[in-house]
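A.B. asks: Take 8 as the starting number for the sequence shown in this note's numbering and just add one per residue.
Every residue gets a Cβ at the ideal spot worked out from N, C-alpha and C, and that includes glycine.
Input: one structure, supplied below.
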Amino acid sequence: MSEENWVSKIQAHEAQHSSQGTQDGVIDFICENIEIHNNFCIEFGYDSTSWDVGMPNTKYLVHERKWDYLLMDGNCHNPEINLYQHFITSENICELFEKYDVPTEPGFISIDLDSTDIWVTDAILKNYRPSFFSVEFNPNFPIDASMAFPNDKDEFWHFDRVMGSSLKSLSMMAGKNGYSLIYAGCYSTAKHHDAFFIRDDLVNQSYVPPLEAFANTHVPLHAVCINGREKIYLNYEIWLETKDLEKSRNAVPKSWKKNISGTFFQRLSRKRKMLMHSIFQRLGRIRRMLILKLRSR
């Protein structure tokens, strides 16, 4: 039986057991308040080969609630914990779900690819109806920015601000598939940037906050982009209207791109840091070579 107006109480139940941030408490509280058709969870990418080393969103469900599960990652593989190595795309994700017998209504899916998350999630929701799911969003964008990472398997995270899609674009994608945004982590309190979505028929008439309620999730994260890759982003709102890649890219306001590329001085500072790092690496290699030569005499 769900609590009255339970969605508004999610933040009060944030708690960290094994997840990177406070996702564990959020997931547990959602499970207490909605109907779960299948106690089965899926997580990708899972960046470890062990339950003990990684910080998964699904460990609490598997170990404490005894759910069945599937883990996938582009680099890690360990069949002993149901972890399988696959390069995940919007084209192959449903085939992979079929391969590993994922039920059509799994309880929970955790998605964290740092790139094409929005397109992979959209592909899943066309064939699978999880009770709820989470996707990591890019907090560098303000709440009104419908910025989407391109659906391109050759584009990936370069450890800067070009990563994933904005919260608004994810909310729009979820909405057209029958899901509502009910919670988004703010790093200052939750130590994560995961957005949680519940299937509309499971919200149980609880209050669903408007998108603007999550404006505080907009914070700078990672180094600014200095190679012009902010140009790969699409205006997701225009994409939904036109399905035209060029129009969607041209419709991205410069102010949104600035959240990725930063100011002139921020870019200059990063270039200096990268140069100094390169110099120190070279000096280190020279030092090691000199030491080896001296030892060989």
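CB residue 173 to CB residue 30, shorter than 8 Å?
C.D. replies: Along the sequence shown, read from residue 1 onward, the residue named residue 173 stands at position 166. Along the sequence shown, read from residue 1 onward, the residue named residue 30 stands at position 23. Contact: no.
A.B. asks: Restricting to runs no shorter than 4 residues, where is the alpha helix (DSSP H) found entirely within the region 222-283?
C.D. replies: Whole alpha helix (DSSP H) segments, 4+ residues: 243-249, 252-257, 261-268.
A.B. asks: Just to confirm the assignment, what range does the beta strand (DSSP E) spanning residue 143 have?
C.D. replies: Locating residue 143 in the sequence shown gives position 136, counting from the first residue. Element bounds for residue 143: 139-143.
A.B. asks: Quick one, are the C-beta atoms of residue 34 and residue 68 less than 8 Å apart?
C.D. replies: On the sequence shown, position 27 is the one that residue 34 refers to. On the sequence shown, position 61 is the one that residue 68 refers to. Yes. Within cutoff.
A.B. asks: I'd like to know whether the C-beta atoms of residue 157 and residue 88 end up nearer to each other than 8 Å.
C.D. replies: By 1-based counting over the sequence shown, the position of residue 157 is 150. By 1-based counting over the sequence shown, the position of residue 88 is 81. For residue 157 and residue 88, no; Cβs fall outside 8 Å.
A.B. asks: Using DSSP with H/G/I as helix, E/B as strand and the rest coil, what is residue 303?
C.D. replies: Here residue 303 refers to the residue found at position 296 when the sequence shown is read from its first residue. In the structure shown, residue 303 sits in a helix (DSSP, three-state: H, G or I).
A.B. asks: Could you spell out the range, first to last residue, of the beta strand (DSSP E) harbouring residue 48?
C.D. replies: Mapped onto the sequence shown, residue 48 falls at position 41. 47-51 is the span of the beta strand (DSSP E), which, as asked, contains residue 48.
A.B. asks: Specify the secondary structure class of residue 298 as computed by DSSP and reduced to three states.
C.D. replies: Indexing the sequence shown from 1 puts residue 298 at position 291. The answer is helix: DSSP assigns residue 298 an H, G or I state.
A.B. asks: Let me make sure I understand the geometry here. Which of 179, 78, 235 has the alpha-carbon closest to that of residue 144?
C.D. replies: The count along the sequence shown starts at 1 and reaches residue 144 at position 137. That would be 179, whose Cα lies nearest to the Cα of residue 144.
A.B. asks: Whole angstroms are fine: how far does the CA of residue 301 sit from the CA of residue 169?
C.D. replies: If you number the sequence shown from 1, residue 169 lands on position 162. If you number the sequence shown from 1, residue 301 lands on position 294. About 45 Å.
A.B. asks: Do residue 110 and residue 48 have their beta-carbon atoms positioned less than 8 Å apart in this structure?
C.D. replies: Here residue 48 refers to the residue found at position 41 of the sequence shown. Here residue 110 refers to the residue found at position 103 of the sequence shown. Going by C-beta atoms, residue 48 is not nearer than 8 Å to residue 110.
A.B. asks: Can you find at least 3 beta carbon pairs, one from the region 236-251 and one from the region 205-212, that sit closer than 8 Å?
C.D. replies: Verdict: no, contact absent.
A.B. asks: For residue 54, which residues of its own chain have a beta-carbon under 8 Å away from its beta-carbon, when the five flanking residues on both sides are left out?
C.D. replies: As a first step, residue 54 must be located in the sequence shown, where it is residue number 47. So the qualifying residues of the chain are 61, 80, 82, 83.
A.B. asks: Could you please give me the residues that DSSP links to residue 117 through a beta bridge?
C.D. replies: Numbered from 1 along the sequence shown, position 110 holds the residue referred to as residue 117. According to DSSP, which records beta bridges pairwise, residue 117 is partnered with 50, 141.
A.B. asks: Short check: CB of residue 150 to CB of residue 244, under 8 Å?
C.D. replies: The residue given as residue 150 occupies position 143 in the sequence shown. The residue given as residue 244 occupies position 237 in the sequence shown. Taking 8 Å as the Cβ cut-off, residue 150 and residue 244 do not qualify as a contacting pair.
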